[in-house]
Amino acid sequence: MSILEWALKKAVGLGYMKWGLIFGLTNGVAVYSYYRENRNKYDLEAYQQSVTRYVSYQSGKVAETYIPKWLRNPLFSLFGYVYDVNYEDMLEPLENYENFQQFFTRKIKSRQFDKNANKLIVPADSKVLSFCEVKDDSPILVKNVHYKLGYFLTGQETFEMTPQILEDAKKRKNTKLYSVIFYLAPGDYHRYHLPSDFQLKSRSHIVGHLAPVKISYISSTPKVYETNERVALFGTYNFGLMSIVLVGATNVGSMTLNYDKEFQTNQKAQELFVYKHYDPTISLRKGDELGMFKLGSTVVMIFEAENVKWNIEEGQKCKWGDVFAEVS
Numbered sequence: 050m051s052i053l054e055w056a057l058k059k060a061v062g063l064g065y066m067k068w069g070l071i072f073g074l075t076n077g078v079a080v081y082s083y084y085r086e087n088r089n090k091y092d093l094e095a096y097q098q099s100v101t102r103y104v105s106y107q108s109g110k111v112a113e114t115y116i117p118k119w120l121r122n123p124l125f126s127l128f129g130y131v132y133d134v135n136y137e138d139m140l141e142p143l144e145n146y147e148n149f150q151q152f153f154t155r156k157i158k159s160r161q162f163d164k165n166a167n168k169l170i171v172p173a174d175s176k177v178l179s180f181c182e183v184k185d186d187s188p189i190l191v192k193n194v195h196y197k198l199g200y201f202l203t204g205q206e207t208f209e210m211t212p213q214i215l216e217d218a219k220k221r222k223n224t225k226l227y228s229v230i231f232y233l234a235p236g237d238y239h240r241y242h243l244p245s246d247f248q249l250k251s252r253s254h255i256v257g258h259l260a261p262v263k264i265s266y267i268s269s270t271p272k273v274y275e276t277n278e279r280v281a282l283f284g285t286y287n288f289g290l291m292s293i294v295l296v297g298a299t300n301v302g303s304m305t306l307n308y309d310k311e312f313q314t315n316q317k318a319q320e321l322f323v324y325k326h327y328d329p330t331i332s333l334r335k336g337d338e339l340g341m342f343k344l345g346s347t348v349v350m351i352f353e354a355e356n357v358k359w360n361i362e363e364g365q366k367c368k369w370g371d372v373f374a375e376v377s
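Per this note's numbering, the sequence shown runs over residues 50 to 377.
Following this line, the structure appears as structure tokens:
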């Protein structure tokens, strides 16, 4: 048993407040260490030795620690008060969740959504960080901050999405490409759903760091999206190309895919980049649950359309199933 594991287990026995203090200090060390890591060394060994990955892995273990039934209601209620959890859509009472992981990944009551093919729905309870047309390799991440699309999608720092490459990637003539980013806060429902019918053609899993993705951090720290662990799904929808990218974060290294039960993230990887092609393609339906973050993070969408009418604003809170764009 490592010193960190011993400390965390000991903390549980000492009570909630001391457990929270040690847990918070541990994450503080992770964030501090991230600043000091050599950001120019993007090889597999560097990522495997990343303290942010180690702490996130240990945090996952802590989140699975059994909580006595008498403590669950006050503990989850306090968390919900701090992070503005919506209790009205829960399927089960708080005392039924045996640990934080079950609470974070809770299922909720079914929701109605617009099934029209030209209406794209929000994939997760989240906040809109940005939405824009993709004209080059630098779409908007948040206000005054851009991310490198080629690096983000491929894991290759030198790969640039030139206007010509973007044009060649499109499936239709006279269309444009768009980017929209949804950020999940700790109190949000942590499962993600399909924004439209989707023909999944391939998937890439890019191993990386697990730095924070909250707005204050990504606004002041370069290349967070490009170097964090992420899963990119590539395919098409009714109006052309679509990519859905799930981005990990500190304490959120674990992402799941319902159509592939064997897929795992936040594990010791043998390769920096893992690509999988699906033949035949996998047909996924609008609104279906795609998977879950085992805490919270970010969903990035890149899609093609001739015309887009946005139904969102930057900073807006959304629920999965809300229409965020009408396309043609």
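Ideal placement from N, C-alpha and C gives every residue a C-beta, glycine not left out.
These numbers come from a predicted model, not from an experiment.
{"Query": "What span of residues does the beta strand (DSSP E) with W369 cover, start to end?", "Result": "Run containing W369: none; DSSP gives neither H nor E here."}
{"Query": "Can you look up Y238 in the DSSP assignment and give me helix, strand or coil?", "Result": "coil"}
{"Query": "For the pair the region 217 to 232 and the region 121 to 137, tell me if three or more CB-CB distances fall below 8 Å.", "Result": "no"}
{"Query": "So, under 8 Å CB-CB, M139 and I157 are touching, yes? Tell me the CB distance rounded to an integer number of Å.", "Result": "6 Å"}
{"Query": "With distance defined between alpha-carbon atoms, name the residue in L215, K192, L259, D174 nearest to Y238.", "Result": "D174"}
{"Query": "Please confirm whether T330 and K250 have their CB atoms less than 8 Å apart.", "Result": "yes"}
{"Query": "Between which two residues does the beta strand (DSSP E) carrying T285 extend?", "Result": "279 to 286"}
{"Query": "Enumerate in chain order the residues of its own chain whose CB-to-CB distance from W359 is below 8 Å, with the five nearest sequence positions on each side excluded.", "Result": "F180, F373, A374"}
{"Query": "So which of T224, G236, W119 has the shortest CA-CA distance to N135?", "Result": "G236"}
{"Query": "For V273, report the span of its beta strand (DSSP E) as first-last.", "Result": "From DSSP, V273 is part of no beta strand (DSSP E) but of the alpha helix (DSSP H) over 273 to 276."}
{"Query": "Where does the unbroken alpha helix (DSSP H) through Q151 begin, and where does it stop?", "Result": "149 to 153"}
{"Query": "Ignore the nearest five residues each way along the sequence and tell me which others in G307's own chain have a CB closer than 7 Å to its CB.", "Result": "A small fix is needed here, since residue 307 is Asn in this sequence, not Gly. Answer for N307: E338, L339, G340, listed in chain order."}
{"Query": "What residue range does the alpha helix (DSSP H) around P329 cover?", "Result": "Looking at the DSSP string, P329 is not in any alpha helix (DSSP H); the run it does join, the beta strand (DSSP E), is 322 to 333."}
{"Query": "Run the CB neighbour count on W369, radius 10 Å, all protein chains shown included, and call it buried at 16 or more, exposed below.", "Result": "buried"}
{"Query": "Would you list the residues sitting across from A354 in a DSSP beta bridge?", "Result": "K225"}
{"Query": "According to DSSP, is I116 helix, strand or coil?", "Result": "coil"}
{"Query": "Skipping 5 residues on each side, what residues in its chain have a beta carbon closer than 8 Å to that of E362?", "Result": "V177"}
{"Query": "Following the continuous beta strand (DSSP E) through S253, name the residue where it begins and the one where it ends.", "Result": "247 to 255"}
{"Query": "Can you round the beta-carbon distance between V376 and N167 to whole angstroms, since I take them to be within the 8 Å contact cut?", "Result": "5 Å"}
{"Query": "Quick check on the DSSP output: the alpha helix (DSSP H) that includes L202 runs from which residue to which?", "Result": "198 to 203"}
{"Query": "Taking 8 Å as the threshold (C-beta atoms), are A354 and F247 in contact?", "Result": "no"}
{"Query": "Express the C-alpha separation of L143 and E206 in angstroms, rounding to a whole number.", "Result": "44 Å"}
{"Query": "My guess is that K335 and S245 are in contact by the Cβ rule of under 8 Å, so how many angstroms apart are they, rounded?", "Result": "5 Å"}
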